[in-house]
Each structure stands twice: as C-alpha cells, then as structure tokens.
Amino acid sequence: MRIETFRYTERLGAVLLRDVQKIIELDSGMEDQDTDEARGVLKISEPIIHDMQKQMAIVIPTKNEKLRLFENCISGVPHECLKIIVSNSDKSPINRFELEKETLQQFCEFSKRRAIIVHQKDPVISRALQEAGYDDLLDEQGIVRDGKAEGMIIGILLTKFFNKNYLGFIDADNYFPGTVLEYARAYAAGLHIAKYEQCMVRILWRYKPKIHEQGLYFKKWGRVSEITNRCLNSLISFVSGFETDVIKTGNAGEHAMALSLAESIPYASGYAIEPQELLSLFEEYGDIPHLGNHKNGFKGIEILQIETRNPHLHENKGQEHINNMLLSSLGSIYHSDVCPEETKNLILEELQRQGLLNLGDEPPRPKLIKAPKEIDFEKFKEIVGENIDRFIIK
Ligand code: GDD
Ligand code: MG
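In case it helps, the numbering used here puts the sequence shown at residues 187 to 580.
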C-alpha cells in the first residue's frame, strides 16, 4: 500500500491528532522500499501488511442485518485476521443469530479458517463480566444491554482472550466486500506507520454515494459526521486557543487500535462510542489546565485518519436513527469535562435548529463504561475459557 505521509499534526497534551492521509495505491507490491520513493509517500509492503494482519482481530458488531450483507462483510476480511462477530440479532420469531452462525460456518468451511461468533446476550458472557467485576455493560437483570458499543467492548475482551495485539471494527451492513478488504489493509498500514505504540486508525470514507433524481451523487460528508466533526473541532479550538479543522472522523465506525490503547479507554454506550473515544483521551491525557491531566508523561497517543479509495455504501436506517445518533454524539461532547462553554452553545443551537431539543433542555448524558483494563481479566478468561467451544466456528 502507498499512503501519503503525515503532513500536519494537532497536539492536545499527549494526544497527537494527525490530519487525513490519503491512500495512493492499494497494493504496492512485495518489496520493502523503493530507492527512489517519491517525497511525501510511505510505502507499506505486502509482507508487512500480512504480518500486521496476523496479529489483528476484526470485530464485526451486527444486529439484524440482511444476511447477504453480513456475508459480504465476512468475505472481505483478509484471511490472516481473526474474525470476531458480536451479534445482538433476534432469536425469535426467526432465529437470525442461528442464520448468521450457519452462514459463518459455511464460509469457514470453504475458506479453511476459524472464526468466533458470540451473541451479546449469551449467559456465559454476562456471567463472566459479572464475576470479573465489569458490570458497566449489564442491565438490571445482569444481562448485557443492547447497543453497538456494548458489542464492541465484548470484541475487545475477546481480542485479548485470543492474544491478538491489534483490533479493527467493521460494520456488518456493507454492500461491497472490497471496501472491507480496504479497511483492513488501511488498519494494518496505519498501525504499522504510527510512531507510538498507543495508536488508533480512523477511516474517512472517500464518498458515501446517494441516489438523486439525476442519478448517483458521490456525497463526501454524512450529516451526523459533519456536525460531530464541527463540534469536536470547536472543542479543540477553544481549549487550545487556535482554530482547527483537524478532526474529520469524529463518528468513524470503522476504526482500529493497538489492544493496549483499546483496553485503556473509558467508552460510552451505544452510538456515542466513537466521539467518546476521543473525548476520553482528551480528558485523560489532553493536558487541559483545569483538569490537571497529563498522566502519560512523554508517551504519545497517536490518532491517524486515513481516507479510503472506495466509496462506502451501507444500509439506510432512516431519519429517527440519524436523529438518535446525532443526539448521542453531541450529548457525549456536551457532557465531557473538557467541553468549553462556546462548544456547548454551538451544540445547543445545532440541536434546537434541527428541532431535536427544546429551549432550556440539555442533550442526553451518555452512559459511560469504564476502561476494559479495569476488568479482572483472569476471571473473565477462566469462565469464557471453560465454554469457548460454543463460540468457535471451525
Ligand atoms: N453487536 C451489536 N449490538 N451490533 C449492533 C447493535 C447492537 O446493539 N446495534 C447496531 N449494531 C451494528 C449494526 O448491525 C452495524 O453492523 C453496526 O453496528 C453499525 O450500526 P448501524 O445501525 O449501521 O449504524 P450507522 O451505519 O448508522 O452508523 C455507523 O457509522 C457511523 C459513522 O457514520 C456506526 O458505525 C456509527 O457508530 C458510526 O458513528
Ligand atoms: Mg450502517
């Protein structure tokens, strides 16, 4: 793969935010380096990509997606990555989870690969979390709550269980398997070129095509993403005193991390998870004067933003879904300890303008989930380990 080099970095304490890097070439061959590599270009050879992918789990959260899309998604994950599917699909009246398992089983048989699939509400997972002292994911009945974040965090714990060093998230509702392949390649390349061990790669889709009367329109920005990015940039601008537009991936569902970083971030429930990851890092390591937070000393935490070549086409889930996502994204920013007054006002104005918030009201406060490193992992491992066969598809 060839990727543009870092041109610009915004720093907030120990958090390094790299500006967007475009993918120049999807496959740049086997050789490590060309002697005459063009200036400003990084080459990541195939052996390096494969080596990174061997150390990587791809976590796919899914809930009642069309089986055809689910199958698209798993077929695009590179062979070397461990596939971990965390499903919250219905078991009745149709047992969609069993159908997903069956689809995966067939795929594994033909591709000679094993994969992991768990239901988010599996009693073994809930009991393991409960007994390991990690009940932030559980409801009053002691069962894992609904929510994409909840599924993703189970994926982080399973990545650790299977001794992988990196993990990347990929949504299941994807129309093009080739984009899944590209995300996994961009994860491997980005995590390899990162200068610091604690690193994250967030994907910016090249386009998100829409159907208009005149035909296809290749739209660049999603409605929620555009507003979330504006509010996160406002936050960084007012905290640092220098206006910036560095954040382009505030809502990036497709993102990857070193496990060491994934374990140490406090998350937020549901769809607030992606902006909350950035906020949690600013809160903890952003060197914000009134929080006195510079715990990481000189070690950097690095966030790369990589723009794909492929456009992204996924399911259209309707206006109510978009509204909820916007409310929870902006709610996480609004209630963060690092959020300045100017950004709070911007959020209120935006939500009122969209008719999602009444005058005088505040957006919802997200449910926070403590960092996965807080779990008694040995206990979790023991309980999951005793039952692991029910989750492995060979
Ligand atoms: N395990 C699990 N549990 N998965 C879930 C749940 C749940 O409760 N709810 C949704 N998912 C899965 C979906 O099946 C899909 O694979 C993925 O999570 C993303 O959910 P979508 O409902 O498709 O969200 P979206 O496409 O509107 O938004 C996505 O992109 C945004 C950026 O544009 C998500 O990834 C957002 O988190 C992201 O901000
Ligand atoms: Mg989607």
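Just so you know, even glycine gets a beta-carbon here, dropped at the ideal spot from N, CA and C. Bear in mind the structure is a predicted one, so any value in this text is a computation, not a measurement.
When the beta-carbon positions are compared, residue 558 and residue 342 come within less than 8 Å of each other.
Under DSSP, residue 365 takes part in no beta bridge, so it has no partner. Only residues of its own chain outside the window of five on either side were considered, and among them 466, 554, 555, 556 and 557 have a CB closer than 7 Å to the CB of residue 452, listed in chain order. Within the chosen limit of 7 Å, the ligand MG reaches the beta carbon of residue 501 through at least one heavy atom. Residue 253 has its alpha-carbon roughly 10 Å from the corresponding atom of residue 288.
DSSP places residue 505 in the uninterrupted alpha helix (DSSP H) bounded by 505-520. Residue 443 is bridged by DSSP to 353 and 386. Runs of beta strand (DSSP E) with 3 or more residues, each lying fully within the stretch 293-350, are found at 301-305, listed in chain order.
Taken from the Cβ of residue 523, every heavy atom of the ligand MG lies 7 Å or farther away. Under DSSP, the beta-bridge partners assigned to residue 242 are 352. The alpha carbon of residue 573 has as its nearest neighbour, out of 529, 436, 309 and 230, the alpha carbon of 309.
Taking a C-beta distance under 8 Å as the contact criterion, residue 279 and residue 367 do not qualify as a contact pair. Residue 360 sits in a strand when the DSSP states are folded into three classes. A residue is called buried when at least 16 other Cβ atoms come within 10 angstroms of its Cβ; residue 269 meets this threshold and is buried. Taking 7 Å as the cut-off, the C-beta of residue 359 counts as close to a heavy atom of the ligand MG. The way I'd put it, the stretch 342-356 does touch the stretch 228-244; three or more beta-carbon pairs between them come closer than 8 Å. The nearest non-hydrogen atom of the ligand GDD is less than 7 Å from the C-beta of residue 248. The three-state reading of DSSP puts residue 285 in helix, counting H, G and I together. Each residue's CA atom was taken as its position, placing residue 531 and residue 520 some 9 Å apart. For residue 188, the uninterrupted beta strand (DSSP E) segment begins and ends at 188-190. The ligand GDD never approaches residue 386 closely enough for any of its heavy atoms to be under 7 Å from the residue's Cβ.
Under DSSP, residue 403 takes part in a beta bridge, and its partners are 396.
Taking each of 524, 374 and 580 in turn and checking the Cα distance to residue 475, the smallest one comes out for 524. Rounded to whole angstroms, the Cβ separation of residue 188 and residue 228 is 7 Å, and the two are in contact under 8 Å.
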